[in-house]
Every structure is written in C-alpha cells, then in structure tokens.
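A.B. asks: Here's a structure for you.
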Amino acid sequence: MASIKKKSSGGGGGANWMDTYGDMVTLLLCFFVLLYSISTIDAEKWMIVVRSFNRDAMVNEPENPPGPAPDNQDSTGGDGMPALSEVEEDLTELYKYLKNLAAAEGEGTITVTQGTGYVFISFADAVFFDGDSYILRQEGKTVLDKVIPILDKVSKSIDELKVIGHTAQAGNTPNPTLPDRLLSSQRSATVAAYVQDRISLAPGRIISEGDGQWRNKADNATLEGKAQNRRVEMIVTGRGLENELGSSYDKYNKILEEYNTKLESTGVTEVPD
C-alpha cells in the first residue's frame, strides 16, 4: 500500500525576518550614535526635548551659561590666564629688572638667575634681619619696596612666589633644631607677608618656607660662609610654563579636590577635630 506523504510547511524559517530587523535596528542605533558624537547640543533645545517626554523632569541649568569668551581670555583659555609667550616675556622682564637692581644695590645684596620657567632671587639675610631676629629691618623694607613693583606688574603671569628662609650655624656646634627651624620660618613668613600686603597676586600663590641651616651654599666653618648661608630666597615660577620645580599650588589644589571627592562619596561633610 502506497504511503501518503505530508506536504511540507516551508522548512521552519518563518521567524528569520527578526534577525534582519534586529540588524537594521542595531545599524540605525550606531548611525544615530555617530551623528550624536560629531554634533553639538543646544542646551535649550535639549531641555525642551526632555520636558516633552516628562514634564516633571529636573534639568540642572548652569549658573553661568556658556557664552562668548571674555575679552581678557586668549588662546590659552581659563580665568584670564595670559598666553605662554606673554608669561615668558614677563619672566624675562622680571629677570632683567632684578639684574639691574642687583648691580645698583652692590655686590652680594641681591643675586638673580633665570632658569626654564622660573626666576631665582637671593637676598643677603643681614640686609633683612638682625641676628636671632625675624623683625624686618628698614634696609630690608627698602630693598623689597624696589622689588615689589615689578612683581606686581607681572603678577598675572606668576604661578607661584615661594619665599625661603635660611639660617647659619652660630658656633662650632649646630643650633638647636626647633629654634633654628622656627627662626628661618618666621623670617620667610615675615617677608612673604610684607610682599603679600603690597601685591595683587592671589595670597594662595605666595608660599613661605623655612629650611633652617641645612641647605648651605657656602662653608659654615668661616664667617664669610656663614654670611652667605644667612639668606632669604624667592623662586618665581611662570603660569603654564614647564619647569623642573613643579607647582605646589596646583598639586595642593589637586590633592584637596581628590580629598573632597572622597568625602562626598562616603557621605562625610565635615572633618572631625
């Protein structure tokens, strides 16, 4: 008896169209992502679109909406920071002015050098302070009053103004560590405060540091060497310029920002005493 074969229903491929549809949707998504990545978003139009889907949507609007750059901004951008070429010119002007001042003040009162991205100034300590004192002498004020105008003139180009105080070994044995450190720190702080009150540079960019008697430039065994070791120094670095000294101002701000971010992530809003 002949068997009856059932008619095939088409091979079971009825759902293959979904594969094609899925590929098409994926390609469309990639296409729109590409368009989005090369486009700019108008904030007002974006808020209209968001609110058209959800009238109760909360959209954070910037306190200072973007607009044309202020006149005091240039190619470097950012809070009116001058162009790098201008910073370099200002540091060179500072260096030349101080070289002329050093020549006028006489040998040993002021020495100045210029490095990559910074100017280094050294003042004879005897001009600024009496022995074992951090009270600024009138002679020191007179010298600083000649330096401050040029610092103020180029202040927009200064990244950091660091004042460093140094002492010298008083006798044949090292000075007591704590009083020596305190004296050098007090002297540098006195000079930094005097400059800060007379210059437009942001106070956060003025740093004082006391190194005691441990960074000598001459032999502490002689009176001449001790006289050279008693000194006050300034290091002036330029904003945005590469230099081997780095910027503790920027480093501190970065550390502080990271610290605050960690506090926020842990829900801590105040640091305990």
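Here the sequence shown is numbered in the numbering used here, starting from 260 and rising by one per residue.
Ideal Cβ positions, reconstructed from N, Cα and C, are used throughout, including at glycine.
Kindly confirm or deny that the segment 381-395 and the segment 480-494 touch, where touching means at least three C-beta pairs closer than 8 angstroms.
C.D. replies: The segment 381-395, when compared against the segment 480-494, does touch it at the 8 angstroms Cβ threshold.
A.B. asks: Once you ignore the five residues that flank VAL378 on each side, which residues in its own chain have a CB closer than 6 angstroms to its CB?
C.D. replies: The residue labelled residue 378 in the question sits at position 119 within the sequence shown. LEU350, LEU353, TYR354 and VAL495.
A.B. asks: Looking at LEU460: is its Cβ nearer than 8 angstroms to the Cβ of SER414?
C.D. replies: Taking the first residue of the sequence shown as 1, we reach residue 460 at position 201. Taking the first residue of the sequence shown as 1, we reach residue 414 at position 155. Yes.
A.B. asks: Between SER447 and ILE423, is the Cβ-Cβ spacing less than 8 angstroms?
C.D. replies: Position 188 of the sequence shown, counted from the start, is the residue given in the question as residue 447. Position 164 of the sequence shown, counted from the start, is the residue given in the question as residue 423. Yes; because the gap between Cβ atoms is below 8 angstroms, this pair is in contact.
A.B. asks: Kindly list the residues whose CB is nearer than 6 angstroms to the CB of GLY367, restricted to its own chain and excluding five residues on each side of it in sequence; keep chain order.
C.D. replies: Taking the first residue of the sequence shown as 1, we reach residue 367 at position 108. Cβ neighbours of GLY367 beyond the five flanking positions: ALA383.
A.B. asks: Counting along the chain, where does the beta strand (DSSP E) carrying VAL491 start and finish?
C.D. replies: Translated into positions along the sequence shown, residue 491 becomes position 232. It spans 490-497 - the beta strand (DSSP E) in which VAL491 sits, taken as one unbroken run.
A.B. asks: Taking all protein chains shown into account, do 16 or more other C-beta atoms lie within 10 angstroms of the C-beta of GLN472, making it buried, or fewer, making it exposed?
C.D. replies: What you label residue 472 is simply residue 213 of the sequence shown in a count that begins at 1. Classification for GLN472: buried.
A.B. asks: Could you give the residue range of the beta strand (DSSP E) that holds SER467?
C.D. replies: On the sequence shown, position 208 is the one that residue 467 refers to. Its beta strand (DSSP E) spans residues 465-469.
A.B. asks: Using a 10 Å radius around the Cβ and a threshold of 16 neighbouring Cβ atoms, would you call MET277 buried or exposed?
C.D. replies: Reading the sequence shown from its first residue, position 18 is the one you call residue 277. MET277 is exposed by the Cβ-count criterion.
A.B. asks: If you scan the segment 392-430 from start to end, which runs of the alpha helix (DSSP H) of 4 or more residues do you find wholly inside it?
C.D. replies: Qualifying alpha helix (DSSP H) stretches, in chain order: 397-412.
A.B. asks: Would you mind sorting ILE394 into buried or exposed? The rule is 16 or more other CB atoms within 10 Å of its CB.
C.D. replies: In the sequence shown, counting from the first residue as 1, residue 394 sits at position 135. By the 10 Å Cβ count, ILE394 comes out exposed.
A.B. asks: Using the rule of at least 16 other Cβ atoms within 10 Å of the residue's Cβ for burial, across every protein chain shown, is TYR356 buried or exposed?
C.D. replies: Position 97 of the sequence shown, counted from the start, is the residue given in the question as residue 356. The residue is buried, with at least 16 neighbouring Cβ atoms inside 10 Å.
A.B. asks: Quick test of your reading: MET340 and ARG464, contact by CB under 8 angstroms. State the CB separation rounded to the nearest angstrom.
C.D. replies: Taking the sequence shown and counting its residues from 1, one reaches residue 340 at position 81. Taking the sequence shown and counting its residues from 1, one reaches residue 464 at position 205. That pair is no contact at about 13 angstroms.
A.B. asks: Let me check understanding here. Comparing Cα to Cα, which of GLU419, ILE380, ASP418 and PRO435 lies closest to LEU403?
C.D. replies: Residue numbering aside, residue 403 sits at position 144 when the sequence shown is read from its first letter. It is ILE380.
A.B. asks: What ranges does the beta strand (DSSP E) occupy inside the segment 350-399, keeping only unbroken runs of at least 3 residues that lie completely in it?
C.D. replies: Correct list: 369-374 and 377-383.
A.B. asks: Could you tell me whether the Cβ atoms of ILE369 and ILE407 are closer together than 8 angstroms?
C.D. replies: For the purposes of this step, residue 369 is taken as the residue at position 110 of the sequence shown. For the purposes of this step, residue 407 is taken as the residue at position 148 of the sequence shown. The answer is no: Cβ separation not under 8 angstroms.
A.B. asks: Count the other CB atoms within 10 Å of the CB of ALA342; is the residue buried (16 or more) or exposed (fewer)?
C.D. replies: Position 83 of the sequence shown holds residue 342. ALA342 comes out exposed.
A.B. asks: Kindly indicate the opening and closing residues of the alpha helix (DSSP H) around ASP439.
C.D. replies: Along the sequence shown, read from residue 1 onward, the residue named residue 439 stands at position 180. Looking at the DSSP string, the run of the alpha helix (DSSP H) that includes ASP439 is 436-455.
A.B. asks: Take the Cβ of ILE514 as the centre, count every other Cβ of all protein chains shown within 10 Å, and call the residue buried at 16 or more, exposed below.
C.D. replies: Here residue 514 refers to the residue found at position 255 of the sequence shown. Exposed, since its Cβ has fewer than 16 Cβ neighbours within 10 Å.
A.B. asks: Exposed or buried, MET283, counting other C-beta atoms within 10 Å across all chains shown (16 or more means buried)?
C.D. replies: Taking the sequence shown and counting its residues from 1, the one referred to as residue 283 is at position 24. Classification for MET283: exposed.
A.B. asks: Measure from the alpha carbon of GLU468 to the alpha carbon of each residue in LYS421, THR481 and THR520, then state which is nearest.
C.D. replies: On the sequence shown, position 209 is the one that residue 468 refers to. Closest by alpha carbon: LYS421.
A.B. asks: Check each candidate in GLU347, ALA429, THR426 and LYS476 and name the one with the smallest Cα separation from GLN373.
C.D. replies: Mapped onto the sequence shown, residue 373 falls at position 114. It is GLU347 whose Cα lies nearest to the Cα of GLN373.
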